[in-house]
Amino acid sequence: MYVCLCVGATSHAVSEAVARGASTSKEVAAACGAGADCGRCRHTVRAIIAAARQLDASAAR
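Residue numbers (my numbering): 2 to 62.
Below you can see the structure in the form of structure tokens.
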């Protein structure tokens, strides 16, 4: 699914950036471009980051 239409970034690209260590929307924007232009996708980017954190927390238990 496309997350950022401005740069054509997909949810997979955002998830990959998060997996490589991006933990804020600005870091994701630097890694794959999502959220760097108009910003309409930043809510979705933050949701992907939060979901990844929850998965990490669940796996650590």
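Glycine is no exception: its CB is placed at the ideal position from the N, C-alpha and C atoms.
Counting only the Cα atoms, Ser12 lies some 16 angstroms from Asp38. Looking at the backbone, the Cα of Cys7 and that of Ser26 are separated by about 15 angstroms. Listed in chain order, the non-local C-beta contacts of Ile49 below 7 angstroms within the same chain comprise Ser12, Val15, Ser16, Val19, local neighbours out to five positions each way being set aside. Taking the CA atoms as reference points, Cys33 sits about 7 angstroms from Ala10. Straight through space, the alpha carbons of Arg43 and Ala35 are spaced by roughly 8 angstroms.
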